[in-house]
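Taking it in order: structure first as structure tokens, then the write-up.
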Amino acid sequence: RNDRGGTLYVVGTPIGNLEDLSPRAARVFREVALVAAEDTRVTRRLLNHLGARPRLLSFNEHNWRERLEPVFRALEEGDVALVSDAGMPGVSDPGRELVAEAAVRGVRIESVPGPSAVTTALAVSGLPADAFLFLGFLPRRRRERQERLREAATYPLTVTLFEAPHRVRATLEDIALVLGERPLAVCRELTKLHEEVFRGTASEALEHFASPRGEFAVVIAGAGPDQASERDLDSEDSDVRRFLLDRIAGGVRGREAVADASASFNIPKNRAYRLWLEIREKGESQGD
Numbered sequence: 257r258n259d260r261g262g263t264l265y266v267v268g269t270p271i272g273n274l275e276d277l278s279p280r281a282a283r284v285f286r287e288v289a290l291v292a293a294e295d296t297r298v299t300r301r302l303l304n305h306l307g308a309r310p311r312l313l314s315f316n317e318h319n320w321r322e323r324l325e326p327v328f329r330a331l332e333e334g335d336v337a338l339v340s341d342a343g344m345p346g347v348s349d350p351g352r353e354l355v356a357e358a359a360v361r362g363v364r365i366e367s368v369p370g371p372s373a374v375t376t377a378l379a380v381s382g383l384p385a386d387a388f389l390f391l392g393f394l395p396r397r398r399r400e401r402q403e404r405l406r407e408a409a410t411y412p413l414t415v416t417l418f419e420a421p422h423r424v425r426a427t428l429e430d431i432a433l434v435l436g437e438r439p440l441a442v443c444r445e446l447t448k449l450h451e452e453v454f455r456g457t458a459s460e461a462l463e464h465f466a467s468p469r470g471e472f473a474v475v476i477a478g479a480g481p482d483q484a485s486e487r488d489l490d491s492e493d494s495d496v497r498r499f500l501l502d503r504i505a506g507g508v509r510g511r512e513a514v515a516d517a518s519a520s521f522n523i524p525k526n527r528a529y530r531l532w533l534e535i536r537e538k539g540e541s542q543g544d
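Below is the structure:
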């Protein structure tokens, strides 16, 4: 304990197999006065398994604002553990807000590392994991989900994400559409009885998971040099088209608009001219 009171322990909990809980985490649960938990029912089962009897307080995305002060009052008297339902708090789970506020208030914060679905999925995927891009849970709306994938499309890094069973097929469809048929690993129910890792492409995964069940982590190969350059060109072409449309709408003649686009984007005039022709042909076809 420090001069400001107790210590906030950020504790990793099993993502499926209770044997993955560390001895240190078990000791912390037996010693703290309070556990701030994402779902007290889930954490109570874990504590009962350990024979630990600390007081429980729910702390989640819905109530964290009103639960901050009760947690800090408890920290004035003793140590507190922060947990999510599975894995490390704050990683696509509640808890970040409490850690951030504890840091501001000068509370001592200690990590008690534990299992993580992110690194577990990466380790069994067989894909490069020296560096990776983690997207967490993708948006529920298809348009927003596809936009998030487009943002990641040009990264050469391996991409990881989480998905719920009732949305995983829609997400795989979007991966196939936006990222193409890259190698991927779809990890289901990691560390649990029915753990499964499917390796293939998004289209193959759709065939395999006709009726998906359980929790999913998806690991996707990063963009290759050709994919990255093609997508960079596509993105730039879209910007040039918008530029040309704005110039034409402002009354600028085609030749001048092409010259302006070439100078503004530092691209060859014949490329700007090709894009201008595409715009003109599209306009003529819509006019017909």
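Numbering (my numbering), first residue to last: 257 to 544. Beta carbons: idealized from backbone N, C-alpha and C, even for Gly.
Membership of F393 in the beta strand (DSSP E) is indicated by the continuous run F388 to F393. If you look at G456, you'll find it in the beta strand (DSSP E) that goes E452 to G456. Between V453 and V474, the gap from beta carbon to beta carbon reaches 8 Å or more. In the three-state reduction of the DSSP assignment, T375 falls in the helix class, which pools H, G and I.
C-alpha of S518 to C-alpha of P524: approximately 6 Å in a straight line. When the five nearest sequence neighbours on each side are left out, the beta carbons in the same chain lying within less than 6 Å of the beta carbon of T263 are those of D335, R364 and E366, in order along the chain. When E325, G343 and N319 are compared, the shortest CA-CA separation from T299 is found for G343. The beta carbon of L428 sits closer than 7 Å to those of A458, A461 and L462, all from its chain and outside the five residues before and after it, given in chain order. Assignment of G343 by DSSP, reduced to helix, strand and coil, places it in the strand class.
In this structure, V368 lies away from R311, with their beta-carbon atoms at least 8 Å apart.
Here the alpha carbons of L405 and L435 stand approximately 7 Å from one another. Exclusion of the five residues before and after E445 leaves G272, E451, E452, G470 and E471 as the residues of its chain whose Cβ lies within less than 7 Å of its Cβ. Residue pairing by DSSP puts A293 in a beta bridge opposite S314 and V339. With respect to G268, S348 sits apart: the two C-beta atoms are not nearer than 8 Å. In this structure, DSSP gives E419 an extended state, which the three-state scheme calls strand. For V284, same chain residues with a beta-carbon under 7 Å away, outside a window of 5 residues either side, are Y265, V267, A337 and V368 in chain order.
With a 10 Å radius around the Cβ and a threshold of 16 neighbouring Cβ atoms, L531 comes out buried. Bounds of any alpha helix (DSSP H) do not take in E471, whose DSSP letter is neither H nor E. Burial is judged here by how many other beta carbons sit within 10 angstroms of a residue's own beta carbon; A409 has at least 16 and is buried. Boundaries for L413: no alpha helix (DSSP H) harbours it, and the DSSP string shows neither H nor E there. For S278, no alpha helix (DSSP H) run applies, since DSSP gives it neither H nor E.
Assigned with DSSP and collapsed to three states, S367 falls in strand. If the five residues before and after R527 are omitted, its C-beta is found closer than 6 Å to no C-beta atom of its own chain.
In this structure, DSSP gives L331 a helical state, which the three-state scheme calls helix.
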